[in-house]
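Here the structure comes first, spelled out in structure tokens, and everything after it is commentary.
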Amino acid sequence: MSELENKVSKDYMELGKNRRKTNNAKQKSVLRRKESLDIIVCVKHVPETAEAEIKIGATGKAIEKTGLVFDINEWDDYALEEAVRFKEKLGGTVTAITVGLEDADGTLRKCLARGADKAIRVTDAKFEGSDSYAIARILHSVVKGLHFDLVLTGALAGDDGYTMVGPILAEMLGVSHATMVKKIELGNGVAKANRELEGGLEEIIEVKLPAVLTVQTGINEPRYVSILGIRKAMKKEIETLSLADTNLSENDVGEAGSWIKIEQMFVPPVEKQAEFIKGNPEEIATKIAEIIKSRGLI
Amino acid sequence: MTEIFVLAEHRQGQIRDITFEMLTKGRELAEKTNSDLTAVLLGKEVKEQAKALSEYAKKVLLVEDAKLENFNSEAYQKVLASLIKKHKPLLTMIGHTSFGVDLAPSLATALKLPLGTDCIDLGFEEKTLFITRQMYGGKVNVKATVRKSEGYIVTVRQAAFEAQKPAANGEVVEEPFPLTEEITKKRFIEYVLPPPGGIDITAADVLVGVGRGIKDESNMPVVEELAKSLGGVLACSRPIVDKGWLSNDRQVGSSGKTVKPKAYIALGISGAFQHVLGMKNSDLIIAVNKDPNAPIFSFSDYGVVEDLFKIVPPLKSKIYELRGRKA
Numbered sequence: 005m006s007e008l009e010n011k012v013s014k015d016y017m018e019l020g021k022n023r024r025k026t027n028n029a030k031q032k033s034v035l036r037r038k039e040s041l042d043i044i045v046c047v048k049h050v051p052e053t054a055e056a057e058i059k060i061g062a063t064g065k066a067i068e069k070t071g072l073v074f075d076i077n078e079w080d081d082y083a084l085e086e087a088v089r090f091k092e093k094l095g096g097t098v099t100a101i102t103v104g105l106e107d108a109d110g111t112l113r114k115c116l117a118r119g120a121d122k123a124i125r126v127t128d129a130k131f132e133g134s135d136s137y138a139i140a141r142i143l144h145s146v147v148k149g150l151h152f153d154l155v156l157t158g159a160l161a162g163d164d165g166y167t168m169v170g171p172i173l174a175e176m177l178g179v180s181h182a183t184m185v186k187k188i189e190l191g192n193g194v195a196k197a198n199r200e201l202e203g204g205l206e207e208i209i210e211v212k213l214p215a216v217l218t219v220q221t222g223i224n225e226p227r228y229v230s231i232l233g234i235r236k237a238m239k240k241e242i243e244t245l246s247l248a249d250t251n252l253s254e255n256d257v258g259e260a261g262s263w264i265k266i267e268q269m270f271v272p273p274v275e276k277q278a279e280f281i282k283g284n285p286e287e288i289a290t291k292i293a294e295i296i297k298s299r300g301l302i
Numbered sequence: 005m006t007e008i009f010v011l012a013e014h015r016q017g018q019i020r021d022i023t024f025e026m027l028t029k030g031r032e033l034a035e036k037t038n039s040d041l042t043a044v045l046l047g048k049e050v051k052e053q054a055k056a057l058s059e060y061a062k063k064v065l066l067v068e069d070a071k072l073e074n075f076n077s078e079a080y081q082k083v084l085a086s087l088i089k090k091h092k093p094l095l096t097m098i099g100h101t102s103f104g105v106d107l108a109p110s111l112a113t114a115l116k117l118p119l120g121t122d123c124i125d126l127g128f129e130e131k132t133l134f135i136t137r138q139m140y141g142g143k144v145n146v147k148a149t150v151r152k153s154e155g156y157i158v159t160v161r162q163a164a165f166e167a168q169k170p171a172a173n174g175e176v177v178e179e180p181f182p183l184t185e186e187i188t189k190k191r192f193i194e195y196v197l198p199p200p201g202g203i204d205i206t207a208a209d210v211l212v213g214v215g216r217g218i219k220d221e222s223n224m225p226v227v228e229e230l231a232k233s234l235g236g237v238l239a240c241s242r243p244i245v246d247k248g249w250l251s252n253d254r255q256v257g258s259s260g261k262t263v264k265p266k267a268y269i270a271l272g273i274s275g276a277f278q279h280v281l282g283m284k285n286s287d288l289i290i291a292v293n294k295d296p297n298a299p300i301f302s303f304s305d306y307g308v309v310e311d312l313f314k315i316v317p318p319l320k321s322k323i324y325e326l327r328g329r330k331a
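As you go down the protein sequences, you meet chains A and B in turn.
Sequential numbering from 5 applies to the first sequence in our numbering.
Sequential numbering from 5 applies to the second sequence in our numbering.
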């Protein structure tokens, strides 16, 4: 055994010591399998809006979703990649979980193709109107029954941007957390993480495992998934659970179980209205160059 | 009398701007709800900072302990939970900063108090808390209500409110460190400064900022050449650094640099708040974006609704023409 292998082996022996004991059956299976790392990744299926023109829908409380392309939330994509990299390095399993409707299977297929072993979709018409708190509670109802050393998710979701699912889930699970993470090292029963602060500063902190870490974009370079990978993933089963499969009641989910209720959506007020330069590209270029010149910058 | 708590954020001895911004908004809310404004300061040897805060609030609650020297959400959460249980503030305001997002969600969950995050405005109407926040990268705003409760917690976006100094002369009240148990789950190790060297985008007169609209790394020379023609420097929004197309010393925004050049030309940047925070005070802002509703246009002097690839090449030629030389 090389020195590195030796170290890695020792690292996850240590990880094993700090395993969360959820239930005996799970614990036995872990012992049988010897030491490895079980990671849960929480993902969200969201519309891509960074480059798209978006409109407020007829209800005035949501955007018009037709015509938008949906994909895995960008932050969750980095979390997924990080999970798969740990699995490749240390062995173990990656389970992807989402709360969403059937179309969210697209995001789960991507997780499976990327290297997740298992995918779970928690789905129920009664979840409609859930905010991040209700979503975290639904995730908790499922995650608490699974064995995990680490839960990874995006620091925020590109649609609602609440920035709260990860730490709420951690609190409900009674485990530690770190948010806005740009680097993770595992070993000796802890996760050492670089957290992104403001202005280019980072802090290094250490949290005990098991833990929930929320990932900031740029932590890694998510790999592209091959067509073959996606084809293979199409054959894998996606487990679906509904409200009845959880220990939650109707009052725990949807609008009733949420902290935040959206009343009205509107176009942001303009701070400084831009003067729009119109014409063909040549004319526009001439105008811009003149503006820059008028400022004495050419 | 009910209270409004503002959690002071400080790092390496410095109180951060968000604290004064929240105290300004907190003062307005306290007046409207007939409450007292209280700044909450947790730290180690921070009496001087407590004194500074007393000029902004009716009261400064000060808790000092070695465990509070550096921000640690586990220690902060336990101490703050104890203070909230004791004082029962109507509202606790925390910055929507890297510290705040590590603290507020688990604190709210532990206390079973509802939390509204990343608020750009908030207020009480008939005892209901209304918050305004943004969605979809700042492309829409929403007004939302927070579930009715005895107390609320919010995180407040940086620079959402302008800090004003009132003529307050508050008292500093020391509270004993309430924890008997150890902090065991989380440990602060150290700060990591950005690597020295690299390019200083804050010193440039002309910045060409590039965003997602550039699409592919192979297109980067298009914007590099424009920056060169202007004698300017290439800067970017976060996704470009995340993809590794430019190094992070080129990043403009809350997690990068704050710049104030004589001209900022934003190409294919939608204008999410995090980016805008770093460049909105530039003398001249010209934005090119395909999306006519891109938030960047609300912060620009001039806007062009067009594909950047159609504008940049002729623009580069025009600039060389004005400079009297060939590209």
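Where a beta carbon is used, it is the ideal one built from N, C-alpha and C, also for glycine.
- Taken through DSSP and simplified to helix, strand or coil, ASP81(A) comes out as helix.
- The beta carbon of MET184(A) lies closer than 6 Å to those of ALA159, ARG199, GLU200, GLN220 in the same chain, with the five residues before and after it left out.
- In the structure shown, the three-state DSSP call for ILE234(A) is helix.
- For LYS89(B), DSSP records no beta bridge to any residue.
- No Cβ of chain B is located within less than 8 Å of the beta carbon of VAL47(A).
- Under the Cβ criterion (8 Å, minimum of three pairs), the region 290 to 307 of chain B counts as touching the region 265 to 282 of chain A.
- Secondary structure at VAL160(B): strand, using DSSP grouped into helix, strand and coil.
- Below 8 Å, too few C-beta pairs join the region 245 to 264 of chain B and the region 103 to 116 of chain B to call them touching: fewer than three.
- Going by beta carbons, VAL292(B) and ILE205(B) fall outside the 8 Å limit.
- Scanning GLU106(A), LEU190(A), ARG227(A) for the CA closest to the CA of GLU210(A) turns up LEU190(A).
- Residues of the region 152 to 169 of chain A with a C-beta atom less than 7 Å from some C-beta of chain B are GLY162, ASP163, ASP164, GLY165, TYR166, THR167, MET168, listed in chain order.
- The three-state secondary structure of GLN268(A), taken from DSSP, is strand.
- Of ALA260(A), ILE264(A), VAL47(A), the smallest CA-CA separation from ASP109(A) is found for VAL47(A).
- Considering only beta carbons, the part of the region 44 to 78 of chain B lying closer than 9 Å to chain A consists of ASN74, PHE75, ASN76, SER77, GLU78, in chain order.
- Of all residues in the region 274 to 289 of chain A, only VAL274, GLU275, LYS276, GLN277, ALA278, GLU279, PHE280, ILE281, PRO285, GLU286, ILE288, ALA289 place a beta-carbon less than 8 Å from a beta-carbon of chain B.
- In the three-state reduction of the DSSP assignment, PHE192(B) falls in the strand class.
- Sixteen is the threshold: when 16 or more other Cβ atoms of the shown chains lie within 10 Å of the Cβ of GLU206(A), as they do, the residue is buried.
- Of the other Cβ atoms in all chains shown, 16 or more fall within 10 Å of the Cβ of SER145(A); this residue is therefore buried.
- For PRO51(A), the enclosing beta strand (DSSP E) stretches over residues 49 to 51.
- Inter-residue distance for GLU25(B) and LEU11(B) is about 11 Å (C-alpha atoms, whole angstroms).
- The DSSP-derived three-state label of TYR268(B) is strand.
- Just so you know, the alpha carbons of THR99(A) and GLY119(A) end up roughly 9 Å apart.
- For the pair LYS65(A) and GLU132(A), the Cα-to-Cα distance works out to about 13 Å.
- The three-state secondary structure of THR290(A), taken from DSSP, is helix.
- Of the residues LEU45(B), ALA61(B), LYS48(B), VAL160(B), the one whose Cα lies closest to the Cα of ILE98(B) is VAL160(B).
- For LYS36(B), the enclosing alpha helix (DSSP H) covers residues 21 to 36.
- Of the other Cβ atoms in all chains shown, fewer than 16 fall within 10 Å of the Cβ of LEU232(A); this residue is therefore exposed.
- Sorting LEU154(A), ILE234(A), VAL147(A) by C-alpha distance to the C-alpha of VAL126(A) places VAL147(A) at the top.
- Of all residues in the region 297 to 309 of chain B, only ASN297, PRO299, PHE301, SER302, PHE303, SER304, ASP305, TYR306, GLY307, VAL308, VAL309 come within less than 7 Å of chain A when Cβ atoms are compared, listed by chain position.
- With respect to the C-alpha of VAL245(B), the residue from ASN192(A), LEU143(A), GLU68(A), ASN224(A) having the closest C-alpha is ASN224(A).
- Annotation for PHE103(B): the continuous alpha helix (DSSP H) segment containing it runs 102 to 115.
- For GLU241(A), no alpha helix (DSSP H) encloses it, and the DSSP letter there is neither H nor E.
- Put simply, the backbone Cα of ARG31(B) is about 19 Å away from that of LEU66(B).
- Apart from sequence neighbours up to five positions away, the residues of its chain that approach CYS123(B) with a beta-carbon distance below 6 Å are ILE135, ARG137, VAL158, VAL160, ordered along the chain.
- CA-CA distance, ALA108(B) to ALA138(A), rounds to 16 Å.
- Cβ neighbours of LEU111(B) within its own chain (closer than 7 Å, five residues either side excluded): GLN81, LEU84, ALA85, ILE157.
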